[in-house]
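Input: a single structure, listed below in structure tokens.
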Amino acid sequence: MRLWQWQKIIFTVMAVCLILTGFVVTAAAETTAVTVEVPDFIVRSSEGYDLVSIPGGQILLAEEGRPQVPYWIWTREYPPGQHVRDVRLISRSDAEIIVGYTLPPVLLTDQPEIPAGLIPGWYPADSMQWTVRRNNDGSSLLAVYLYSLFYHPESKTIEFYQQHRLEIDVVQTEASFLSVASDQEYYLTGSPVVIDIHLKNDGERQDYFLSAKVRDTRDGEMIDGLPIMKLADLAGEASCSMIWQQAEAKAGDYQVEISLAAGDSTVIDVSFLTVIMRNADQLPSLSPAPPPTTAQSETSGQEAEKPAAPADWLKIGIIALIVIVVITLGFVLHRIVRRRG
204 MRLWQWQKII
214 FTVMAVCLIL
224 TGFVVTAAAE
234 TTAVTVEVPD
244 FIVRSSEGYD
254 LVSIPGGQIL
264 LAEEGRPQVP
274 YWIWTREYPP
284 GQHVRDVRLI
294 SRSDAEIIVG
304 YTLPPVLLTD
314 QPEIPAGLIP
324 GWYPADSMQW
334 TVRRNNDGSS
344 LLAVYLYSLF
354 YHPESKTIEF
364 YQQHRLEIDV
374 VQTEASFLSV
384 ASDQEYYLTG
394 SPVVIDIHLK
404 NDGERQDYFL
414 SAKVRDTRDG
424 EMIDGLPIMK
434 LADLAGEASC
444 SMIWQQAEAK
454 AGDYQVEISL
464 AAGDSTVIDV
474 SFLTVIMRNA
484 DQLPSLSPAP
494 PPTTAQSETS
504 GQEAEKPAAP
514 ADWLKIGIIA
524 LIVIVVITLG
534 FVLHRIVRRR
544 G
């Protein structure tokens, strides 16, 4: 085979590898790092309790009998076509520890089911939660709930973390959720939960996949998952429903995380839904639900590491293949040139 024929083969192989690499990189997420500074908390006394707050923050009132602790909400807007795939808490500053405060309990009813102040242990369980709100123009608002203050009622101890380091995965895609909603405001225990999904694909017709995980909002533990649903040849707007058959779920508040993935398993959009479930005798007094938990959550303020997505491994494999092919063909071309010389 002549030299110019080998050169043509090498250039062709390199062009194909570059095209494949460009496709995979486009499907992968772009990760940005953000540092969030939470304002110092303040304390004032009232009726024998220490009321702790963060200027500009909110008070967590999710669970009866728990201490009233403040939290901070950090937001960022994203234009149409950009979708948040994941948010991770990477690190925090050293904890400021204060002892001797008595925080008031959360009371949601005049006759609480759990006596005030009798729930032991550090609270809250999560250190970070996040959700995305979608606007009519296709843009979205990321809201990150930072639990920077933790309280231990037995020892009357406060732990406060002022600085938080976040990593945010964002993907560029023409497919996204338009709305995700349940068919009822609350459910009786044992009844099925219907999740109505409205989504769109402004790009070329292709297959997409829906999956869902269910977590208990009290501890972030995943208790159930829904079968994967295939959306064949999705183009334009479409609607579908997923059903959670929660026959064994107890009364409480649950969070459903719905993910939209492309054909290569790359998650391109995520939506959260809170499901309020009560026994028949609890229906008149519904508790406000906490913000949705993240895909990764652990107790004591630590976030679990998320394994690499299939698309990331595919990208690494293709890049390695390019290196091997170029080195091999370069060696062959060098041998040919030496022989002709």
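First residue of the sequence shown? That's 204 in the working numbering, and the numbers climb one at a time after it. All residues carry an ideal CB built from backbone N, CA and C; glycine is no exception.
- Under the three-state reduction of DSSP output, residue 483 falls in the helix class.
- Among the bridge pairs identified by DSSP, residue 409 is matched with 437.
- In the DSSP assignment, residue 464 falls within the unbroken beta strand (DSSP E) covering 455-464.
- For the options 307, 256 and 337, the alpha carbon positioned closest to that of residue 379 is the one of 337.
- When the five nearest sequence neighbours on each side are left out, the beta carbons in the same chain lying within less than 6 Å of the beta carbon of residue 361 are those of 301, 304 and 354, in order along the chain.
- The C-alpha of residue 394 is placed about 14 Å away from the C-alpha of residue 457.
- When 280, 268, 237 and 444 are compared, the shortest CA-CA separation from residue 327 is found for 268.
- Residue 401 sits exposed, since fewer than 16 C-beta atoms from the chains shown fall within 10 Å of its C-beta.
- Our two residues, residue 311 and residue 357, have alpha carbons roughly 22 Å apart in a direct line.
- Between residue 421 and residue 446, the alpha-carbon positions lie close to 22 Å from each other.
- Looking at the DSSP output, residue 233 bridges to 373.
- In the structure shown, the three-state DSSP call for residue 268 is coil.
- Just so you know, the alpha carbons of residue 333 and residue 290 end up roughly 7 Å apart.
- In this structure, residue 349 sits away from residue 272, with a CB-CB distance that is not shorter than 7 Å.
- Distances from the alpha-carbon of residue 234 to those of 374, 390 and 406 put 374 closest.
- Apart from sequence neighbours up to five positions away, the residues of its chain that approach residue 280 with a beta-carbon distance below 6 Å are 344, ordered along the chain.
- If you draw a straight line from the Cα of residue 258 to the Cα of residue 242, it is about 7 Å long.
- For residue 380, the enclosing beta strand (DSSP E) covers residues 378-385.
- Secondary structure of residue 365 (DSSP, three-state): coil.
- The region 462-470 and the region 437-445 do not touch, with fewer than 3 CB-CB distances between them shorter than 8 Å.
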